[in-house]
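**Student:** I'd like to ask you about the structure that follows.
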Amino acid sequence: MISLVIIAVIAALSFAVINYSVVKKKSPGNELMQEIAGSIKEGADAFLNLEYKVIARIAVLIAILLAVVVSWQSATAFILGASMSAAAGLVGMRIATLANVRVSNEADVSRSLGSTLKVAFQGGSVMGLSVGGFALFGLLLVYVVFGKLMGEVNPDQLVIHTNWLGINDIPFTMTVSGYALGCSIIAMFNRVGGGIYTKAADMGADLVGKTEAGIPEDDPRNPATIADNVGDNVGDVAGLGSDLLESFVGSLISAIVLSSYMAYTAIKSGNPINSELISAMIQFPLFFAAAGLLSSIVGVFLLVVKKASDKPHRELNVTTWVSASLTLVSGALVTWILFKDLDVSTVGFTIGIFSPWLAAVLGIISGIMIGQLAEYYTSYHFKPTLKISASSKEGTALTITQGLSVGMNSVFLPVVVLAIATIGANALAGLYGVAMAAVGMLSFVAATVSVDTYGPIADNAGGISEMAKLDGEVREITDELDSVGNTTAAIGKGFAIGSAAFAALSLFASYLYAQGGLNIGKDFKLVLNMIDTMTLAGALVGGALPWLFSGILIEAVAKAARAMVQEVRRQFREIPGILTGESKPDYKQCISISSAGALKEMQYPALISVLMPLITGFLFGPRFVGGLLIGTTLSAIMLALFTANAGGAWDNAKKYVESGRHGGKGSEAHTSTVVGDTVGDPLKDTVGPSLDILIKIMATVSLIAVSIFSKYNLIKLLGL
Amino acid sequence: MSVHYYLTLFPMEAMIASQLEPAAFGSYMAIGNRKGSAERLMFIEVFESELGDSFDLDYARRRCVAHSDGRMKNSVYLSVYRALEAVPVDAFGALWLITKDGRSMSLEQSSYTDLDTWDGSALYQELCPAHPLIVSALKPKHFAEYIVEDSTKVTMPAIFFADLTIPDFDGDSFTGNIGGYFDKMMEHLKYCVTELKDGKGKLTKVVDRSSFAAFNFQVIGRGLYIGTSGGRLVFYPMPSREELKKKHYDWAKSASIF
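So the protein lines, in turn, are chains Z and A.
When you line the first sequence up against this note's numbering, it's residues 9 to 728, in that order.
When you line the second sequence up against this note's numbering, it's residues 6 to 263, in that order.
Next up, the structure:
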């Protein structure tokens with residue numbers, strides 16, 4: 009069965025290479041288009057290089073710490089995870105900066121929505137397939153090298169070991185957690201750094217260029233316009249890719265780690281689980297993900313080879329639905345092959361061997377439902393967003409108020425879906441079922457990321473078309489593709505948040521197992537005592553943490569955006585002829601401001617996520633951290649849904665007005681919705697996507713460190 | 006270096022001499038040499054040969070010379086009021102519409118043809134020399150005649166005006182990109198149109214006297230007109246949306262039409 013994973017990885021990465029080559033062979037258009045695209049690429053490359061240098065220093069420090077305190081295997085897996093995540097971000101950005109100009113040229117040459125969509129999607133698919141391929145490739149290496157060759161998944165090794173520091177853990181859980189942490193750290197930096205970069209540039213370009221100078225979006229006279237387009241790549245492509253890769257890996261390792269602890273607990277309880285069954289449970293997430301990856305390849309292939317219609321939303325939906333449906337079928341087959349001869353009643357599979365498959369199906373269904381709810385709350389085809397645009401006639405204050413209301417309302421139903429799915433998955437296969445729900449939700453991640461990445465590529469293509477002064481018809485094509493991308497992005501965020509909730513819950517269960525450590529025995533109960541003072545205090549602090557984290561992020565965006573606004577104003581003031589087109593703006597200065605702001609500000613939020621569980625753990629012990637994780641998870645899920653949906657709704661309320669409603673462009677309603685969109689921008693593109701990474705980094709760090717701070721903490725030292 | 010003559014009609018009425026070509030002149034007037042102003046502008050190229058002696062052209066030629074550093078002279082004001090009435094119809098060249106960020110589009114004169122459809126009322130923004138927003142039961146040609154005709158109680162020697170698209174009062178929230186022009190007066194506008202259509206013999210009704218400054222290119226309907234005494238009407242048709250998209254996309258985008 010391991011060959012299935014190898015085939016999936018090879019197929020995904022090969023298909024990505026083919027699509028890359030096909031897109032690269034397309035014509036990059038005229039000289040001006042190439043010059044603009046070159047500037048965007050140069051800015052994006054420069055930022056990512058600088059960003060990766062900063063991350064590399066921190067990653068090396070963490071790796072050394074892991075090697076010393078946990079194990080060299082965990083440290084090696086950490087480096088591997090970081091490399092896979094960084095590679096996904098890098099590949100995504102490379103293809104996005106290559107595809108943008110080719111999409112623009114395709115629109116110019118073909119004047120066809122369908123064929124332009126195909127080029128954009130083919131570019132996006134390189135990212136999607138790389139995310140799925142790299143994530144599984146890394147995990148496959150970890151499983152084969154550390155699990156199989158070094159024997160960490162052998163039944164006799166799935167027990168708690170004590171290392172030289174006296175720290176207790178199950179080696180394989182630490183190794184895969186190291187891998188997940190590596191992915192998470194890169195994702196956090198890419199998301200936060202990219203998010204600050206892109207929003208600072210976007211806000212700077214809009215606030216001065218559009219609002220003050222009255223020049224249209226993506227106008228080459230706007231000094232921040234290239235930085236804005238660079239931001240689409242570093243934020244929406246590199247950030248999104250490593251974020252989804254991290255989510256995917258997080259869901260997989262949560263199931264693997266949980267299986268390992270379940271096995272150990274069963275042994276210690278005197279009811280050991282059949283070693284083949286344990287092995288199957290550890291392998292199942294990998295194989296299910298491989299089935300999902302192969303299904304996604306088919307889904308992507310269908311759109312790449314067929315003659316695409318002029319209905320981009322439908323074409324992209326077909327890809328997603330085909331991938332999801334095939335994942336269900338192939339997942340069932342994998343389940344049957346893996347569990348058919350095993351007695352699964354001992355691990356709480358209540359309706360037989362298909363229990364974990366059904367849990368994964370629940371995950372897929374709930375993911376789609378959360379995505380549909382996100383569309384309901386953020387699309388202007390539905391009431392909530394229409395209410396915001398209607399409120400805009402009454403001024404900015406009501407636009408903001410109505411948007412807040414929509415954002416807050418939008419939290420409830422997705423959370424109910426998550427709650428029902430959690431109960432259902434648990435009823436089917438216990439906590440392992442909950443973990444599999446997360447795996448199911450992201451199993452066809454290659455397809456969803458392909459669909460997601462196409463959006464920023466189309467957005468960039470629109471910018472290039474505008475700057476290169478291509479025909480209005482061309483710009484209409486790229487604009488329409490861009491607007492469809494906004495909806496797919498909102499749906500993608502729903503998947504990331506939903507899977508984070510499931511993964512966090514199963515990681516949390518593993519945390520409680522790990523906290524039990526050597527004391528796990530017959531009487532061990534997987535319970536978190538919420539009325540314990542320490543736990544409750546931890547939950548309170550944990551609940552507040554995402555707010556602090558979000559506040560720091562928004563402040564960082566505001567700071568960088570202020571610098572950008574001042575720079576754009578300065579250029580208009582000091583460089584005569586920018587507006588008449590006689591002089592070129594200093595684009596590089598704006599790029600430097602966004603880069604410097606992002607690189608400087610991205611470190612604090614990332615450090616908070618790593619250090620908070622460690623500091624509180626060493627001060628107050630594992631019960632406090634248990635509360636901290638629950639508090640953070642609950643609060644961050646709500647906040648992530650709120651920020652993603654409120655921001656999306658404000659954005660689309662503006663687009664609705666711009667489509668000629670309530671006076672359209674230039675009206676007071678438009679001004680109000682522009683303010684709403686500007687307020688929502690850092691919420692949906694910087695804060696929201698970073699919160700699901702925060703949850704998983706904290707859970708993974710806590711899982712790795714719990715046995716250390718269980719042993720060494722201030723409370724214990726003081727004998728309290 | 007030749008001297009050009011421009012009759013600005015919006016936002017202020019003036020006759021200006023300049024060494025700049027029309028697009029450069031429009032850009033200069035809208036945004037200045039350095040960022041500092043941003044205003045929409047409409048002006049007409051005026052043929053010097055047809056100008057007659059209403060303006061001091063010798064003064065213009067004397068003053069409108071390049072600066073010592075070689076820069077061209079941007080503007081020499083020859084008159085800042087009652088300029089429109091002083092320009093003979095034959096002197097009118099192209100009409101230039103300049104957006105806030107300096108994008109320009111020129112409209113050529115066209116022979117006037119009556120409206121294909123008529124539902125009994127039209128909305129006119131008088132732009133120069135008076136500025137009220139009027140709803141009228143008269144078609145453009147008759148409206149112009151009515152304003153400049155001696156027999157009418159209140160008249161003007163010449164009038165520059167635009168016919169505007171009347172928003173769909175009965176539709177849902179779809180208005181098209183018409184900007185904020187009607188934001189505060191939608192109900193009143195609806196009332197005025199209804200009253201005029203009631204057929205009490207009223208030919209015109211003032212909708213608003215003060216919204217002129219907020220006038221924008223998005224609301225222009227069929228085109229812009231200059232009516233002069235003697236019944237002559239100069240018509241500058243506005244390009245269709247399709248034509249704008251094909252030939253003047255940057256201007257239309259800058260004017261927030263797209």
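Glycine included, C-beta positions come from ideal geometry on N, C-alpha and C.
Considering only residues of the region 270 to 347 of chain Z, which uninterrupted alpha helix (DSSP H) runs meet the minimum length of 4 residues and lie entirely inside it, listed in chain order?
**Tutor:** If we require 4 residues or more, the alpha helix (DSSP H) runs fully inside the region 270 to 347 of chain Z come out as 283 to 313, 320 to 347.
**Student:** Taking 8 Å as the CB-CB limit, is A/Q24 close to chain Z?
**Tutor:** One-based indexing of the second sequence puts residue 24 of chain A at position 19. So no, A/Q24 is outside the interface.
**Student:** I'd like to know whether the C-beta of A/D255 is nearer than 8 Å to at least one C-beta of chain Z.
**Tutor:** For this step, residue 255 of chain A is matched to residue 250 along the second sequence. Closer than 8 Å to some Cβ of chain Z, the Cβ of A/D255 qualifies, so yes.
**Student:** Are the C-beta of A/E248 and some C-beta of chain Z separated by less than 8 Å?
**Tutor:** In the second sequence, residue 248 of chain A corresponds to position 243, counting from 1. So no, A/E248 is outside the interface.
**Student:** Would Z/M9 be called buried (16 or more neighbouring beta carbons within 10 Å of its own) or exposed?
**Tutor:** Mapped onto the first sequence, residue 9 of chain Z falls at position 1. Z/M9 comes out exposed.
**Student:** So what's A/Y10 in DSSP terms, helix, strand or just coil?
**Tutor:** In the second sequence, counting from the first residue as 1, residue 10 of chain A sits at position 5. Reduced to three states, the DSSP call for A/Y10 is strand.
**Student:** For Z/S514, is the classification buried or exposed, using 16 other Cβ atoms within 10 angstroms of its Cβ as the cut-off for buried?
**Tutor:** Sequence index remark: in the first sequence, residue 514 of chain Z carries index 506 (1-based). Z/S514 should be labelled buried.
**Student:** Against chain A, which members of the region 665 to 684 of chain Z pass a CB distance test of less than 7 Å?
**Tutor:** Cβ contacts with chain A: G668, R669, H670, G671, G672, K673, G674, S675, E676.
**Student:** Is Z/S473 near Z/R483, with beta carbons less than 8 Å apart?
**Tutor:** By 1-based counting over the first sequence, the position of residue 473 of chain Z is 465. By 1-based counting over the first sequence, the position of residue 483 of chain Z is 475. Against a cut-off of 8 Å, the Cβ pair of Z/R483 and Z/S473 comes out as a contact.
**Student:** Give me, in chain order, the residues of the same chain whose beta-carbon lies closer than 8 Å to that of Z/T358; leave out the 5 immediate sequence neighbours on both sides.
**Tutor:** Indexing the first sequence from 1 puts residue 358 of chain Z at position 350. So the list reads A435, L436, A437, once near-sequence residues are dropped.
**Student:** Tell me, which residues are paired with A/Y241 by DSSP?
**Tutor:** Here residue 241 of chain A refers to the residue found at position 236 when the second sequence is read from its first residue. A/Y241 pairs with A/L229.
**Student:** Under the rule that 16 or more other beta-carbon atoms within 10 Å means buried, what is Z/K315, buried or exposed?
**Tutor:** Counting from 1 along the first sequence, the entry for residue 315 of chain Z is found at position 307. Its Cβ having fewer than 16 others within 10 Å, Z/K315 is exposed.
**Student:** Exposed or buried, A/K105, counting other C-beta atoms within 10 Å across all chains shown (16 or more means buried)?
**Tutor:** As a first step, residue 105 of chain A must be located in the second sequence, where it is residue number 100. When all chains shown are included, A/K105 counts as buried.
**Student:** Would you call the CB atoms of A/V94 and A/V239 closer than 8 Å?
**Tutor:** Your numbering for residue 94 of chain A matches position 89 in the second sequence. Your numbering for residue 239 of chain A matches position 234 in the second sequence. Cβ atoms of A/V94 and A/V239: closer than 8 Å.
**Student:** A/R108 by DSSP, collapsed to three states: which one?
**Tutor:** Against the second sequence, residue 108 of chain A aligns to sequence position 103. Three-state DSSP puts A/R108 in coil, outside helix and strand.
**Student:** If you scan the region 33 to 92 of chain A from start to end, which runs of the alpha helix (DSSP H) of 4 or more residues do you find wholly inside it?
**Tutor:** Runs found: 62 to 68.
**Student:** Return the first residue and the last residue of the beta strand (DSSP E) that Z/I175 is part of.
**Tutor:** In the first sequence, the residue the question calls residue 175 of chain Z occupies position 167. Careful: Z/I175 lies outside any beta strand (DSSP E) and carries neither H nor E.
**Student:** Within the chosen definition, does the region 332 to 349 of chain Z reach the region 398 to 418 of chain Z through at least 3 CB pairs nearer than 8 Å?
**Tutor:** Judged by Cβ distances under 8 Å, the region 332 to 349 of chain Z makes no contact with the region 398 to 418 of chain Z, as fewer than three pairs qualify.
**Student:** Report buried or exposed for A/F263, applying the criterion of at least 16 other Cβ atoms within 10 angstroms of its Cβ.
**Tutor:** By one-based count along the second sequence, residue 263 of chain A stands at place 258. So A/F263 counts as buried.
**Student:** According to DSSP, simplified to helix, strand and coil, what is Z/I193?
**Tutor:** Translated into positions along the first sequence, residue 193 of chain Z becomes position 185. Z/I193: helix per DSSP, three-state reduction.
**Student:** Looking at Z/A455: is its Cβ nearer than 8 Å to the Cβ of Z/V308?
**Tutor:** Within the first sequence, residue 455 of chain Z is the residue found at index 447, counting from 1. Within the first sequence, residue 308 of chain Z is the residue found at index 300, counting from 1. The answer is yes: Cβ separation under 8 Å.
**Student:** Can Z/G222 and Z/S458 be called in contact, C-beta distance under 8 Å?
**Tutor:** In the first sequence, counting from the first residue as 1, residue 222 of chain Z sits at position 214. In the first sequence, counting from the first residue as 1, residue 458 of chain Z sits at position 450. It is not a contact, given that the beta carbons lie outside the stated cut-off.
**Student:** Would you report the Cα separation of Z/G122 and A/K250, rounded to the nearest angstrom?
**Tutor:** Counting from 1 along the first sequence, the entry for residue 122 of chain Z is found at position 114. Counting from 1 along the second sequence, the entry for residue 250 of chain A is found at position 245. Approximately 21 Å between the Cα atoms of the pair.
**Student:** Over the uninterrupted alpha helix (DSSP H) stretch that includes Z/I18, give me the two end residues.
**Tutor:** Start at 1 with the first residue of the first sequence, and residue 18 of chain Z comes out as number 10. Its alpha helix (DSSP H) spans residues 10 to 33.
**Student:** By Cβ distance, which residues of its chain are closer than 7 Å to A/K40, with the 5 residues on each side in sequence left out?
**Tutor:** For the purposes of this step, residue 40 of chain A is taken as residue 35 along the second sequence, with counting starting at 1. Residue placement at A/K40 is poorly supported in this model, since its pLDDT is 49, which falls under 50; the coordinates still yield a value, given next. Around A/K40: no qualifying Cβ.
**Student:** Please identify the residue among Z/Q597, Z/G448, Z/T404, Z/T124 whose C-alpha is closest to the C-alpha of Z/P320.
**Tutor:** For the purposes of this step, residue 320 of chain Z is identified with residue 312 of the first sequence, where counting begins at 1. Cα-wise, what sits closest to Z/P320 is Z/T124.
**Student:** Beta-carbon of Z/K567 versus every beta-carbon of chain A: anything under 8 Å?
**Tutor:** If you number the first sequence from 1, residue 567 of chain Z lands on position 559. No, Z/K567 does not count as interfacial toward chain A.
**Student:** Just to check, is the beta-carbon of A/L14 closer than 7 Å to a non-hydrogen atom of the ligand MN?
**Tutor:** As presented, the structure is devoid of all ligands, the ligand MN included, so that no description of it is given.
**Student:** Please identify the residue among A/H147, A/T160, A/V159 whose C-alpha is closest to the C-alpha of A/T118.
**Tutor:** Counted from its first residue, the second sequence places residue 118 of chain A at position 113. Per the Cα distances, A/H147.
**Student:** Z/D689 and Z/M211 - do their beta-carbons sit closer together than 8 Å?
**Tutor:** Your numbering for residue 211 of chain Z matches position 203 in the first sequence. Your numbering for residue 689 of chain Z matches position 681 in the first sequence. Yes; because the gap between Cβ atoms is below 8 Å, this pair is in contact.
**Student:** Distance cutoff 8 Å, beta carbons only. Does A/G107 sit that close to anything in chain Z?
**Tutor:** Within the second sequence, numbered from 1, the residue matching residue 107 of chain A stands at position 102. Yes, contact with chain Z.
**Student:** How long is the line joining the alpha carbons of A/C197 and A/I164, rounded to whole angstroms?
**Tutor:** Counting from one through the second sequence, the residue named residue 197 of chain A turns up at place 192. Counting from one through the second sequence, the residue named residue 164 of chain A turns up at place 159. Distance between the alpha carbons of A/C197 and A/I164 is about 22 Å.
**Student:** Against chain A, does Z/I261 count as a neighbour if the rule is that its beta carbon must be under 8 Å from one of theirs?
**Tutor:** Numbered from its first residue, the first sequence carries residue 261 of chain Z at position 253. No, Z/I261 does not count as interfacial toward chain A.
**Student:** Are any of the Cβ atoms in chain A nearer than 8 Å to that of Z/L489?
**Tutor:** The residue given as residue 489 of chain Z occupies position 481 in the first sequence. Not closer than 8 Å to any Cβ of chain A, the Cβ of Z/L489 fails to qualify, so no.
**Student:** Residues of chain Z with CB under 7 Å from A/K258, in chain order?
**Tutor:** As a working note, residue 258 of chain A is residue 253 in the second sequence. What A/K258 touches in chain Z: P224.
**Student:** Select from Z/G635, Z/D164, Z/M135, Z/T640 the residue whose C-alpha is nearest the C-alpha of Z/D460.
**Tutor:** Start at 1 with the first residue of the first sequence, and residue 460 of chain Z comes out as number 452. Of the listed residues, the one whose Cα sits closest to Z/D460 is Z/M135.
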